[in-house]
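Q: Encoded as structure tokens, here's the structure I'll be asking about.
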Amino acid sequence: MTLSNRARYALASLMGVGLAFIYIPLSVVVINSFNASRTFSWPPTGLSLKWWSKAIANTGVRQALGWSVAAGLSATAIALLLGTCLAFAVSRYEFFGKEVISLLVVLPISLPGVVTGIALSNAFTKQLGISTSLLTVIIGHATFCIVVVYNNALARLRRMGTSLQEASMDLGANGFTTFRLITLPNLASALFAGGLLAFGLSFDEIVVTTFTAGPGIQTLPIWIYDNLFRPNQAPVVNVVAATLVVFSLIPIYLSQWLSQDSTSGGRF
Amino acid sequence: MLESGDVTVSIRNLTKSFGKVQAVNGVDLDIYSGEFLTLLGPSGSGKTTVLRMIAGFEKPDSGSIYLGGEDVSQLPPYERDVNTVFQDYALFPHMDVLSNIEYGLRVQGIEKTERKVRSEKALDQVRLTGYGDRKPAQLSGGQRQRVALARALVNRPSVLLLDEPLGALDLKLREQMQLELKELQREVGITFVFVTHDQEEALTMSDRIAVFDQGRIEQLGTPREIYENPKSAFVSEFVGQTNKITIEGKKINIRPEFVSISSSATLGDKSLEGVLRDAIFVGATTRYLVGLENGEALISIKPTEPLSVGDSVVVSWESKREFLV
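Those sequence lines, one after another, are chains A and B. Residues in the first sequence are numbered from 1 upward in steps of one, following the working numbering. Residues in the second sequence are numbered from 1001 upward in steps of one, following the working numbering.
Take a look at the structure:
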């Protein structure tokens, strides 16, 4: 399709405005984390790393980061295991209620976090009688982390078909060897992409976490939220926010790169 | 190697249904060692299901499959001494060509140097020397086809199963591969069981053909037997073209290439008069469509004669070429 020059410039500037709208505020956060002034006078009069060293020294931040990573990794691990199993069941076997199960698995991603949060909190404390802790955060996060792993794995399994597995068994490999040498290598990049997305989702989740976190459990986003309006913590919040921006870019970029790679058939 | 004439695969009263569809309905078949046997039939006739049951991808509902005298009907694919060339080739996309070919030897625990020697040799055999480090995505359809062949043959199976392997190739390449496959089969001496819906392909390549219809074998025989003495109306229509006409109150069948056409002369002991309705030049021959006096039509395929549409013609043939079904 060819566009007239005017249309091209119009579209380009619209895109520019759209991107600017998203990324200028984000870059202000990153720049402010180096702003020497406590009140964040703009434009910055000087640059300094003092907030960074303050943030690194802050035990609350370090602990929150620890909780976030622990919750993210565990939820991702659960999602990888269960999401992959579910994707196998749905793509390879016929059973009653298959479509319903498929829908039920995907649903949590579109449910409002506040509903999931309340429901889980209710179930944990009232029905099951377990107190909220890191474990309940992990379970809460796993409900929506499963979705991205499941979707990635299912799409890949459907595209793979069954003939690769049949070919492997035909050549003398049993079920386990076939999974190890054929299925898993062809599924790996989809699982990696799904896992990265799942970790990203868990890492910046705030609503479900609020309802499922036990006393003393503070993930990074919750720490930010709690300290946002404390004047003497504001500079540190900036640093943490800047770090979060950088850290969420990495998994998103990687997973996008991976899925591009797989749709173009590998090498090209 | 077994002596030629020994039975390699023996199928007894095989049945298989998918839901309400009876895919295979009582098939008996003996496949001899070293022969090129084709399972020919329209889609849905059960030929591919029989192949998949020999490979072990489907379990029969009843009946047995014997491989070298042993009942393998309940064994998984990896415990059967057969290998398959798949319709979509099913090459492993994450492995290069040589690793694909080596795969069977690798999972059977053959040591590395022997593996390499045998795989390189298989690659030579399918005329792909030097392509070992390419990925399947970098090969053309014909080359993938050869890799799939090499990957199966390198294991020296007692039977090679081929599931419409030439279906995805264009006509020219397909004809070339037909000859190459046949040559390769003679060279390696392995039993080939070949599935196709293309009757010409079946006639070109096979030692014997089993014609399938509705889950049963309609006829089993050499290409000549099948072509010249079809046992049923289905076989006569599916394999080659057949004229069905009434002569002296009797319905007979005659192949178009056995019908001579001329303005007056007859060639053979049966003849009828008619009018030339159409003549289609197809290179080495011309297809003549003749309207007969009784209102029926007849096709003759013969080298081009100096005739034009609308001429009165005489069609003739030898009665021994007729067949009843």
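For each residue, glycine too, the CB sits at the ideal point set by N, CA and C.
Closer than 7 Å, Cβ to Cβ, to anything on chain A: give me those residues from the region 1094–1114 of chain B, in chain order.
A: Listed in sequence order: His1094, Tyr1103, Gly1104, Val1107 and Gln1108.
Q: Candidates B/Thr1304, B/Thr1049 and B/Ile1011: which alpha carbon is nearest B/Glu1164's?
A: Checked all of B/Thr1304, B/Thr1049 and B/Ile1011; the closest Cα to B/Glu1164 is B/Thr1049.
Q: If contacts are defined as beta-carbon pairs under 8 Å, then B/Val1107 and A/Thr177 qualify, I think. What distance do you get, rounded to the angstrom?
A: Sure, about 6 Å apart at Cβ, within 8 Å.
Q: Compare the C-beta of A/Asn152 with all C-beta atoms of chain B and state if any pair is closer than 7 Å.
A: It does not; no Cβ of chain B falls within 7 Å.
Q: I'd like the list of long-range same chain contacts for A/Ile217, defined as Cβ closer than 8 Å, with 5 residues on each side in sequence excluded.
A: Contacts found: Trp67, Thr132, Ser133, Leu134 and Val137.
Q: What residue from B/Val1325, B/Ser1271, B/Ile1299 and B/Asp1269 has the CA that sits closest to B/Asp1278's CA?
A: Considering only alpha carbons, the answer is B/Ile1299.
Q: Is DSSP giving B/Tyr1066 helix, strand or coil here?
A: Looking at B/Tyr1066 - three-state DSSP - the assignment turns out to be strand.
Q: Which residues of chain A have a Cβ atom closer than 8 Å to the Cβ of B/Ala1090, listed in chain order?
A: Those within 8 Å of B/Ala1090 in chain A are Ser163, Leu164, Glu166 and Ala167.
Q: By the DSSP assignment, the alpha helix (DSSP H) with A/Trp42 in it spans what residues?
A: Element bounds for A/Trp42: n/a, residue is neither H nor E.
Q: What in chain A is Cβ-close to B/Ala1055, meaning under 7 Å?
A: Chain A residues near B/Ala1055: Asp170.
Q: Hey, B/Met1053 and B/Pro1042: beta-carbon distance below 7 Å or not?
A: It is not a contact, given that the beta carbons lie outside the stated cut-off.
Q: Spell out the partners DSSP gives B/Asn1083 in its beta bridges.
A: Answer is B/Leu1160.
Q: Write down every uninterrupted run of the alpha helix (DSSP H) in the region 67–119 of chain A whose length is 4 residues or greater and which is fully enclosed by it, in chain order.
A: Fully enclosed alpha helix (DSSP H) runs of 4 or longer: 98–106.
Q: Let me see if you follow: with CB-CB separation under 7 Å, is A/Pro231 close to chain B or not?
A: For A/Pro231, the answer is no, since every Cβ of chain B falls outside 7 Å of its Cβ.
Q: In chain B, what lies closer than 7 Å to A/Ala155 by C-beta?
A: By Cβ distance, chain B contributes nothing, its closest Cβ being about 16 Å from A/Ala155, past 7 Å.
Q: Along the region 1059–1079 of chain B, where does the CB come closer than 9 Å to a CB of chain A? Name the residues.
A: Against chain A - using a Cβ distance shorter than 9 Å - the residues of the region 1059–1079 of chain B are Pro1076, Pro1077, Tyr1078 and Glu1079.
Q: Hey, does B/Thr1084 have any beta-carbon neighbour from chain A nearer than 7 Å?
A: Yes, B/Thr1084 lies at the interface with chain A (some Cβ there is under 7 Å from its Cβ).
Q: For the alpha helix (DSSP H) that contains A/Asp226, what are its first and last residues?
A: Counting along the chain, the alpha helix (DSSP H) containing A/Asp226 begins and ends at Leu220 to Asn227.
Q: If you follow the beta strand (DSSP E) that B/Asp1133 is in, where does it begin and where does it stop?
A: Neither: B/Asp1133 is in no beta strand (DSSP E) and is coded neither H nor E.
Q: Would A/Thr84 pass as an interface residue toward chain B - the criterion being a Cβ-Cβ separation below 7 Å?
A: No, A/Thr84 lies away from the interface with chain B (no Cβ there is under 7 Å from its Cβ).
Q: Just checking my contact of A/Gly72 with A/Phe192 at CB under 8 Å: how many whole Å lie between their CB atoms?
A: No, A/Gly72 and A/Phe192 are not in contact; Cβ-Cβ is about 15 Å, not under 8 Å.
Q: With respect to the alpha helix (DSSP H) encompassing A/Val22, which residues constitute its N-terminal and C-terminal limits?
A: In the sequence under discussion, the amino acid at residue 22 of chain A is Ile, which differs from the Val named in the question. Asn5 to Asn32 is the span of the alpha helix (DSSP H), which, as asked, contains A/Ile22.
Q: Can you check the region 1148–1221 of chain B for any beta strand (DSSP E) of at least 3 residues that lies completely inside it and give the ranges in chain order?
A: DSSP runs (the beta strand (DSSP E)) wholly in the region 1148–1221 of chain B: 1159–1163, 1191–1196, 1208–1213 and 1216–1221.
Q: Starting from B/Gln1022, trace the beta strand (DSSP E) in both directions and tell me its first and last residue.
A: B/Gln1022 -> beta strand (DSSP E) spans Val1021 to Tyr1032.
Q: Is the Cβ-Cβ distance between B/Arg1144 and B/Leu1091 less than 7 Å?
A: Contact flag set, yes.
Q: Can you list the residues of chain A that B/Asn1243 reaches, using a CB-CB cut of under 7 Å?
A: None at all; the shortest Cβ gap to chain A is about 42 Å.
Q: Label A/Leu56 either buried or exposed according to how many other C-beta atoms from any shown protein chain fall within 10 Å of its C-beta, with 16 as the threshold for buried.
A: Correcting the residue identity first, residue 56 of chain A is Ile in this sequence and not Leu. By the 10 Å Cβ count, A/Ile56 comes out exposed.
Q: Give the secondary structure of B/Lys1231 by DSSP, where H, G and I count as helix, E and B as strand, and everything else as coil.
A: Reduced to three states, the DSSP call for B/Lys1231 is coil.
Q: Smallest Cα separation from B/Gly1056: which of A/Thr2, A/Ala173 and A/Asn5?
A: Of the candidates A/Thr2, A/Ala173 and A/Asn5, the one whose C-alpha sits nearest the C-alpha of B/Gly1056 is A/Ala173.
Q: Where do the ends of the alpha helix (DSSP H) carrying B/Asp1041 lie?
A: With the sequence shown as reference, residue 1041 of chain B is identified as Gly, and Asp is not the correct amino acid for it. Careful: B/Gly1041 lies outside any alpha helix (DSSP H) and carries neither H nor E.
Q: Taking 8 Å as the limit between beta carbons, can you name the residues of its chain near B/Arg1146, skipping five residues before and five after?
A: Within the same chain, B/Arg1146 has close Cβ partners Val1126, Arg1127 and Leu1128.
Q: Do you know offhand how far A/Ser48's Cα is from A/Thr39's?
A: In a straight line, the C-alpha of A/Ser48 is about 14 Å away from that of A/Thr39.
Q: Please name the residues in the region 1220–1253 of chain B whose beta-carbon is closer than 9 Å to at least one beta-carbon of chain A, in chain order.
A: Listed in sequence order: no entries.
Q: Cβ of B/Ile1101 within 7 Å of Cβ of B/Arg1151?
A: It is a contact, given that the beta carbons lie within the stated cut-off.
Q: Does any residue of chain B have a CB that is nearer than 7 Å to the CB of A/Pro185?
A: Chain B, which has a Cβ nearer than 7 Å to the Cβ of A/Pro185, makes this yes.
Q: Expressed to the nearest angstrom, what Euclidean distance is found between the alpha-carbon atoms of A/Gly161 and A/Pro251?
A: Going by the C-alpha atoms only, they are around 28 Å apart.
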